[in-house]
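To keep things clear, I will list the structure first and then write my remarks on it.
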Amino acid sequence: MKFSVASLFLLAGYASAGKPELSITLSDGSYGDLKSAVSPIVSLSGEGGGIEYGATVDLASDGMPKSVWGVKSASSGGWNLKTRAEFTQGKYNFAGDDSGAYVTLEANDDAKETFLWSSATISKGDGIRSLKAGAKKIVDTDAGKFMIAPRHNFETSSTEVVLGYEKDDTDVYLTINDDAKDILVKQTIDDTYSATLKAGPSGFLAASVTSETDLGSTKLTLTPDDIDVEIKNDGWVAGISCDKNLASAEPTVRFSKSLTFGI
Numbered sequence: 008m009k010f011s012v013a014s015l016f017l018l019a020g021y022a023s024a025g026k027p028e029l030s031i032t033l034s035d036g037s038y039g040d041l042k043s044a045v046s047p048i049v050s051l052s053g054e055g056g057g058i059e060y061g062a063t064v065d066l067a068s069d070g071m072p073k074s075v076w077g078v079k080s081a082s083s084g085g086w087n088l089k090t091r092a093e094f095t096q097g098k099y100n101f102a103g104d105d106s107g108a109y110v111t112l113e114a115n116d117d118a119k120e121t122f123l124w125s126s127a128t129i130s131k132g133d134g135i136r137s138l139k140a141g142a143k144k145i146v147d148t149d150a151g152k153f154m155i156a157p158r159h160n161f162e163t164s165s166t167e168v169v170l171g172y173e174k175d176d177t178d179v180y181l182t183i184n185d186d187a188k189d190i191l192v193k194q195t196i197d198d199t200y201s202a203t204l205k206a207g208p209s210g211f212l213a214a215s216v217t218s219e220t221d222l223g224s225t226k227l228t229l230t231p232d233d234i235d236v237e238i239k240n241d242g243w244v245a246g247i248s249c250d251k252n253l254a255s256a257e258p259t260v261r262f263s264k265s266l267t268f269g270i
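Each number in the working numbering comes from the position in the sequence shown (counting from 1) with 7 added on.
This is how it looks when you write it as structure tokens:
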């Protein structure tokens, strides 16, 4: 038995009775059963007592992955601080355990010129384990904005530095790490179109063109291996990707729709 897009609309209407946020995803175009046809993720969120909070349940998974998260923001001495903690079960792998907490710390000054951040996991099997840490410094001059952003990955013991320059409608970013270097150029062409180009020592890596109109956005991405087109409009996301060799390509189609209801 196959399930069509029409079936998804019926399910979406039924789920709205509980007024959560419901995400329904259809990918690859055809399915053999109901469970594989839809991947509903129900999310609840709110704010109270200066804390943002939320919970998510993936109803389509056998293990029913779920998470509960909270965000606390504060300001002190010219700095803005944000702490986010997410407890998950069945969503990530914590040193062999299926449950644990993912914690991020962020800080920036009032001028939004200096940024600091770090992340870690906390689990029964692994205790506290650092994941990543980074910083970013922006210097605004008459010639444009200059940026330096070092970051370190504790899991791979690797460090990289991103150097950036922004002026008018052009942004340029150079990423340097132990293994490679690449440069990313972003150009705003007009109110509708923008483009990006990414290259490395071996040559071309990726390019994209994005169109933003009242009808939504359309993004065309080209890499050495494939072509991807993605369209977004009013909560809908539709895309198709295929090999550059169109004669032998097997396109992959994806759709998703997020519905939000007040509680």
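By construction, the Cβ of each residue, glycine as well, lies at the ideal position given by its N, Cα and C atoms.
For the candidate residues the options, whose alpha-carbon lies nearest to that of residue i?
{"i": "ALA187", "options": "THR177, SER125, SER165 and TRP243", "result": "SER165"}
{"i": "GLY57", "options": "GLY223, THR199 and LYS79", "result": "LYS79"}
{"i": "ASP250", "options": "GLY242, ILE234 and TRP243", "result": "ILE234"}
{"i": "LYS119", "options": "THR195, ASP147 and LYS239", "result": "ASP147"}
{"i": "ASP232", "options": "ASN115, GLU162, PHE211 and SER106", "result": "PHE211"}
{"i": "GLU59", "options": "LYS73, ILE183, THR90 and ASP65", "result": "THR90"}
{"i": "SER137", "options": "LYS131, ILE145, LYS144 and ALA127", "result": "ALA127"}
{"i": "ALA81", "options": "ALA102, ARG261 and GLU113", "result": "GLU113"}
{"i": "ASN240", "options": "SER83, LYS73, ALA202 and PHE262", "result": "PHE262"}
{"i": "GLY151", "options": "HIS159, GLU173 and ALA142", "result": "GLU173"}
{"i": "ASN7", "options": "VAL168, SER106 and GLY141", "result": "Any property of residue 7 remains undetermined from this structure, which presents the chain solely from 8 to 270."}
{"i": "LEU123", "options": "ASN87, SER52 and LYS193", "result": "ASN87"}
{"i": "ASP185", "options": "VAL260, PRO157 and SER83", "result": "PRO157"}
{"i": "ASP189", "options": "ALA202, SER209 and VAL236", "result": "SER209"}
{"i": "THR195", "options": "PRO258, SER218 and VAL236", "result": "SER218"}
{"i": "PHE182", "options": "SER50, TRP76, HIS159 and VAL110", "result": "Position check: residue 182 holds Thr in this sequence, whereas Phe was assumed. It is HIS159."}
Taking the DSSP output, what are the residues bridged to residue i?
{"i": "LYS239", "result": "SER224 and VAL244"}
{"i": "SER164", "result": "Its beta-bridge partners do not exist; DSSP assigns none."}
{"i": "SER80", "result": "LYS89"}
{"i": "GLY56", "result": "DSSP, once it has assigned bridges, lists no residue as partnering GLY56."}
{"i": "ASN184", "result": "GLU167"}
{"i": "THR177", "result": "LYS174 and GLN194"}
{"i": "THR63", "result": "SER50 and SER74"}
{"i": "THR259", "result": "SER248"}
{"i": "LEU229", "result": "ALA214 and ILE234"}
Would you decide whether residue i is buried or exposed? Buried here means 16 or more other CB atoms lie within 10 Å of its CB.
{"i": "LEU33", "result": "Confidence at LEU33 is low in this model, with a pLDDT of 45, below 50, so its placement is unreliable and the value that follows should be read with caution. So LEU33 ends up on the buried side."}
{"i": "ILE48", "result": "buried"}
{"i": "LYS98", "result": "buried"}
{"i": "THR63", "result": "buried"}
{"i": "TYR200", "result": "exposed"}
{"i": "GLU54", "result": "exposed"}
{"i": "SER23", "result": "Caution is warranted here: a pLDDT of 40 is assigned to SER23, below 50, making its placement in the model unreliable, and no coordinate value can be reported."}
{"i": "ASP117", "result": "exposed"}
{"i": "THR163", "result": "exposed"}
{"i": "THR95", "result": "buried"}
{"i": "GLY85", "result": "exposed"}
{"i": "LEU253", "result": "exposed"}
{"i": "ASP178", "result": "buried"}
{"i": "GLU93", "result": "buried"}
{"i": "SER74", "result": "buried"}
{"i": "ASP65", "result": "buried"}
{"i": "MET8", "result": "No answer about MET8 holds up, because its pLDDT of 29 lies below 50 and its placement is not dependable."}
I'd like to know whether the C-beta atoms of residue i and residue j end up nearer to each other than 8 Å.
{"i": "GLY242", "j": "LYS264", "result": "yes"}
{"i": "ALA214", "j": "LEU229", "result": "yes"}
{"i": "LEU204", "j": "VAL216", "result": "no"}
{"i": "ASP104", "j": "LYS131", "result": "yes"}
{"i": "ILE238", "j": "THR225", "result": "yes"}
{"i": "ALA155", "j": "LYS139", "result": "Before going further, note that residue 155 is Ile rather than Ala in the sequence given. For ILE155 and LYS139, no; Cβs fall outside 8 Å."}
{"i": "PHE101", "j": "ASP133", "result": "yes"}
{"i": "VAL169", "j": "TYR180", "result": "yes"}
{"i": "GLY107", "j": "ILE135", "result": "no"}
(request) Ignoring anything shorter than 3 residues or poking outside the region 83-170, list the beta strand (DSSP E) runs there in chain order. (result) 86-101, 104-116, 121-130, 134-148 and 151-160
(message) If we require 3 or more residues per run, which beta strand (DSSP E) segments fall completely within the region 191-218?
(response) Listed in chain order, the complete beta strand (DSSP E) runs (minimum 3 residues) inside the region 191-218 are 200-207.
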